[in-house]
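J.: UniProt numbering numbers the first residue of the sequence shown as 1 and each following residue consecutively. Glycine is no exception: its CB is placed at the ideal position from the N, C-alpha and C atoms.
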Amino acid sequence: MTHEDHVLRAQIEGEQRHLRTLYERLDALRGATAGRLAAASRENGGTPQARSERDAAVARHAERLARLEAADDGLCFGRLDLRDGGRRYIGRVGLRAEDDEGDPLLIDWRAPAARPFYVATALAPEGVRRRRHIVTRGRRVVDLDDEILTRPQPPGRAEHGSAVNGPVDGTPSADSPPPATAAEDRFTGQGEHIPLVGGAALLAAVSAERTGRMHDIVATLQAEQDAVIRSGHRGVLVVQGGPGTGKTAVALHRAAYLLYTQPRLAAGGVLVVGPSAAFLTYIGRVLPGLGETGALLSTVAGLYPGVEADRGESLAAAEVKGRAEMAAMVAAAVREHRTPPVGGITVEAAGERLLLDGPACRRAAGRAARTGLPYNRARQVFAREVIADLARRLAGAARDLADRLEADIADVLAESGVREAIRADLAAMDGVFDRTGDQGGPGDLLGAADVPALERELRHDSGVRAAIEALWPALTPQRLLEGLYADPSRLERAAPGLTPAERALLVRAPGGGWSPADVPLLDEAAELLGEDDQAARARESREHARRVAYAQGVLDIAAASRGGGGAPYAGDGPSGPGGADPLGGTGDVLTAADLIDARALAERHHSSSPATVAERARADRTWAFGHVIVDEAQELSPMAWRMLMRRCPGRSMTVVGDLAQTGDPAGASSWEQVLGPHVGDRFRLVRLSVNYRTPAEIMTAAADLLAAISPGTPPARSVRRTGVRPWRVRTTAAALPTVLAELAAAETAAGGGRLAVIVPQARASELGAAVAEVVPDVSFGPHPDLTRPAVVLGVRQAKGLEFDAVLVADPARIVAASPRGRNDLYVALTRATRRLGVLHAGPPPPEIARTITERRTVPE
1 MTHEDHVLRA QIEGEQRHLR TLYERLDALR GATAGRLAAA SRENGGTPQA RSERDAAVAR
61 HAERLARLEA ADDGLCFGRL DLRDGGRRYI GRVGLRAEDD EGDPLLIDWR APAARPFYVA
121 TALAPEGVRR RRHIVTRGRR VVDLDDEILT RPQPPGRAEH GSAVNGPVDG TPSADSPPPA
181 TAAEDRFTGQ GEHIPLVGGA ALLAAVSAER TGRMHDIVAT LQAEQDAVIR SGHRGVLVVQ
241 GGPGTGKTAV ALHRAAYLLY TQPRLAAGGV LVVGPSAAFL TYIGRVLPGL GETGALLSTV
301 AGLYPGVEAD RGESLAAAEV KGRAEMAAMV AAAVREHRTP PVGGITVEAA GERLLLDGPA
361 CRRAAGRAAR TGLPYNRARQ VFAREVIADL ARRLAGAARD LADRLEADIA DVLAESGVRE
421 AIRADLAAMD GVFDRTGDQG GPGDLLGAAD VPALERELRH DSGVRAAIEA LWPALTPQRL
481 LEGLYADPSR LERAAPGLTP AERALLVRAP GGGWSPADVP LLDEAAELLG EDDQAARARE
541 SREHARRVAY AQGVLDIAAA SRGGGGAPYA GDGPSGPGGA DPLGGTGDVL TAADLIDARA
601 LAERHHSSSP ATVAERARAD RTWAFGHVIV DEAQELSPMA WRMLMRRCPG RSMTVVGDLA
661 QTGDPAGASS WEQVLGPHVG DRFRLVRLSV NYRTPAEIMT AAADLLAAIS PGTPPARSVR
721 RTGVRPWRVR TTAAALPTVL AELAAAETAA GGGRLAVIVP QARASELGAA VAEVVPDVSF
781 GPHPDLTRPA VVLGVRQAKG LEFDAVLVAD PARIVAASPR GRNDLYVALT RATRRLGVLH
841 AGPPPPEIAR TITERRTVPE
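This is the structure in structure tokens:
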């Protein structure tokens, strides 16, 4: 063992001692927090305020405990030795000594004091003399990587063990010589230097085998990424970056940073929107690993509660549904349902046939419209006006009938001379009848005071309810869209700007479920329709009354059972059995009824454990999030953007994507195009320029394709080369499934990480089955398991994912399948971190013919 090895070992032992101290403190904090959580959970919370305080305490302690538990893996990963002699340890959470005095034991990576760990360089050292990356496995230090920032260093490859520049106890020394090699710059062979921080740790991380799950990059963040994460921009921040630039990781770490620095955002939570369920599973551990549990991960299709958007449809239909003018179509469809008929309607009510004429219908509709309420809530106003009109008409009809009867009787009585006798008798009974009629006669049979009673009766009349439903039907978003799609004439009236062929794409019979492109339209309809919650409130009121009645029954049974001889509350004290209670009672047995009433008992047993922010947000379509992250944002349609903007009224958003990777026909061509209608030019655009994941050989292979998609756009600069050039194999259309299976088997047998076979979306099932016959441990289908050694993915499923090796099958079909097929092929080619192969039937697409070398045989 060399002297340098001995010194490195001693350095590791010194860091191990400090790490042990950190874990002891972490364990103590976790134990204390778990105790407080348990105590808070046991609180009864007798009053609504007490229950609210208990739930808040439970949520606070549970969140703190989750953060402390998440910090266990990779608790401390860095150290800063400052030029003034100070030292800072950087980690996942902040830890102070038990006495809470002196410098902190560990600084949270999001704190301002930790920023130099990510941005300090030899040219701008930020007061840092040495930056140390501490590599741990579990609770054990396994390696160290130091960077001396006293002066600029020549480019080279960082080597572990540069800690030899300090004494064996790890204390920084002013006269320690600089390392023989530096980690500030790394030469990729592309003719340029790329500034890196902690190059050895970074290259180890990006070169490691994939696991099928994304890990956080908190220990290896680079300066340009850190600048985005800590950006003070409070509105919409757009992060544009090519493949491998870490856009997703940056967005997730920015969410964690914002929750740390702006606690108010935690009340609304964070929404993370991704392109697919597989992608959400892939990134699902990042935020919990950073100690943040208040995030809801969802696709756009998953943002409408109660709707499973699994219906397939053509790309052309999805593109039409994604257009901004679809909002006008939905609004027109709603308006049509609130337009009363010109001729009015005849209503069967209370045994009468009443004509509710056109002007009356229009008056009621106008009053409802002027409230500005959504459709279903305005329907309540319309119904009230109609019922009031019908009650007045019914009362008028009754008065007319009474007048006719009185006239007929008067004629009869006049002839017999009885009328005068009746008048005399009525005069003698003064006060018994209300003499408000004409000429001192009896009042109307139905006066103004009787109209409200008639209205109450008419509300429950089946004929009236049927008439209101015909004039202004109650609508759900599903009912509205199903009716619209099923009626070509209604579609033409609602969307006159569409061509007949485009409208034909929307026509379908009711039922059959919903597609992802339908979800923003359902959301648009829900916003315009609103919810008529009168019935729901009535049901809840009845249910609450039932619970209270049941609780009262329980208390009555308990009270009845106390006559069996129980011990008195205070025992047999000095006053003797049955005497006065020393606490002021009567000596009777204390029962449940003495401690709690029926209403409180019902509420206590009905209350459930408090849901998390994410759980409440998932169930509430109108939830307003504190911050929204949109990944692969270039794929969203204008209608999807309308939906997301409703979820984030504060417009605190991080939008990440790459316009060169736009594959959805309804997706973005520019950020101004999709964001302009909502925020104008009030968004900030930043660009990530360094490719950490994809090796230079693969980016060169995709260079012609990128030039064809986005002329003039420079590719992100790769930080590394692997020495493995991409290849392609030519076969026939008939043999392609068999050859693909053979290639996949050979790649899997060779080992070296996880393999993705990326195929045209329409052939995913067919080619997945072909590969499965030869590679048993392969996963494919709507919900692939990314942790398997091999997966077969449709090109859309591969969005945002990464693998050690990738086989792209039938690239020509990928290009031809969509108006943006070349963008899809670009995505497929740039998913690999090590090896890339292409299998094509016939000539390859011209965009890859020059840049990817053909091989005649299956590569070994």
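1) Which one or two residues does DSSP pair with residue 653 in a beta bridge?
2) For residue 345 and residue 470, which I take to be in contact (beta-carbon distance under 8 angstroms), what is that distance rounded to the nearest angstrom?
3) Quick check on residue 779: buried or exposed, where buried means 16 or more other Cβ atoms within 10 Å of its Cβ?
4) According to DSSP, is residue 868 part of a helix, a strand, or is it coil?
5) Is the separation between the beta-carbon of residue 644 and that of residue 630 shorter than 8 angstroms?
6) Just grab the DSSP bridge partners of residue 197 for me.
7) Is residue 243 near residue 662, with beta carbons less than 8 angstroms apart?
8) Just confirm the distance between the C-beta atoms of residue 634 and residue 675, as a whole number of angstroms; I'd bet it's less than 8 angstroms.
9) Could you check how far apart the C-beta atoms of residue 273 and residue 245 are, in whole angstroms? I think they sit under 8 angstroms.
10) Take the Cβ of residue 761 as the centre, count every other Cβ of all protein chains shown within 10 Å, and call the residue buried at 16 or more, exposed below.
11) Should residue 90 go down as buried or exposed, given a rule of 16 or more other Cβ atoms within 10 Å for buried?
12) Looking at C-alpha atoms only, which residue of 497, 503, 337, 16 is the closest neighbour of residue 488?
13) Measure the alpha-carbon distance for residue 88 versus residue 147 and round it to whole angstroms.
14) Would you call the region 663-673 and the region 811-829 touching, i.e. three or more CB-CB distances under 8 angstroms?
15) Buried or exposed for residue 847, going by 16 or more other Cβ atoms inside 10 Å?
16) Kindly indicate which three-state DSSP category residue 348 falls into: helix, strand or coil?
17) Can you give me the start and stop residues for the alpha helix (DSSP H) that residue 76 sits inside?
18) Determine, using beta-carbon pairs with one atom in the region 285-294 and one in the region 788-801, whether at least three such pairs fall under 8 angstroms.
19) With a threshold of 7 angstroms, establish whether the CB of residue 383 neighbours any heavy atom of the ligand MG.
20) On the three-state DSSP scale, how would you describe residue 148?
21) Quick one: what's residue 89 bridged to in DSSP?
22) What are the boundary residues of the beta strand (DSSP E) that includes residue 854?
23) 8 angstroms is my cut-off, CB to CB: does residue 655 come that close to chain D?
24) Considering Cα atoms alone, identify which of 50, 235, 27 is closest to residue 653.
25) Cβ of residue 786 within 8 angstroms of Cβ of residue 212?
26) Output the boundary residues of the beta strand (DSSP E) element that contains residue 133.
27) Since residue 814 is in the alpha helix (DSSP H), which residue starts that stretch and which ends it?
28) Any chance the region 767-779 sits against the region 733-745, with 3 or more Cβ pairs inside 8 angstroms?
29) From this set, 150, 360, 307, which residue's C-alpha is nearest residue 388's C-alpha?
30) Quick one: what's got a C-beta closer than 6 angstroms to residue 775's C-beta in the same chain, skipping five residues either side?
31) Is the number of C-beta pairs between the region 105-118 and the region 252-271 that are closer than 8 angstroms three or more?
32) How many angstroms separate the CA atom of residue 37 from the CA atom of residue 149?
33) What does residue 526 pair with, by DSSP beta-bridge criteria?
34) So, for residue 495: in the same chain, excluding its five sequence neighbours on each side, which residues have a beta-carbon less than 7 angstroms away from its beta-carbon?
35) Could you pull the start and end residues of the alpha helix (DSSP H) that residue 331 belongs to?
36) Where does residue 1 land, buried or exposed, given buried means 16+ other C-beta within 10 angstroms?
T.: To lay it out plainly:
1) 236, 628
2) 7 angstroms
3) buried
4) Outside the displayed range of the chain (1 to 860) lies residue 868, so it cannot be described from this structure.
5) Between residue 644 and residue 630, the gap from beta carbon to beta carbon is short of 8 angstroms.
6) In the DSSP output, where bridge partners are listed per residue, residue 197 has none listed.
7) no
8) With 8 angstroms as the limit, residue 634 and residue 675 do not qualify as a contact, their Cβ atoms being about 12 angstroms apart.
9) With a Cβ gap of about 19 angstroms, residue 273 and residue 245 do not count as contacting.
10) buried
11) Buried, by the Cβ-count rule.
12) Across the set 497, 503, 337, 16, the C-alpha of 503 shows the shortest separation from the C-alpha of residue 488.
13) 15 angstroms
14) yes
15) Residue 847 counts as buried, since no fewer than 16 other beta carbons sit within 10 angstroms of its beta carbon.
16) strand
17) Element bounds for residue 76: not the alpha helix (DSSP H) but the beta strand (DSSP E), 76-82.
18) Verdict: no, contact absent.
19) The model depicted lacks the ligand MG and carries no ligand whatsoever.
20) strand
21) 79
22) 853-855
23) Annotation note: the requested chain D is absent from the structure, which comprises a single protein chain.
24) 235
25) Yes; because the gap between Cβ atoms is below 8 angstroms, this pair is in contact.
26) 128-137
27) 811-816
28) yes
29) Nearest option by C-alpha distance: 360.
30) 744, 745, 748, 790
31) At 8 angstroms Cβ cutoff, the stretches touch.
32) 45 angstroms
33) Residue 526 is not bridged to any residue.
34) 329, 503
35) 326-337
36) Taking all protein chains in view, the Cβ of residue 1 is surrounded by fewer than 16 other Cβ atoms within 10 Å, so the residue is classified as exposed.
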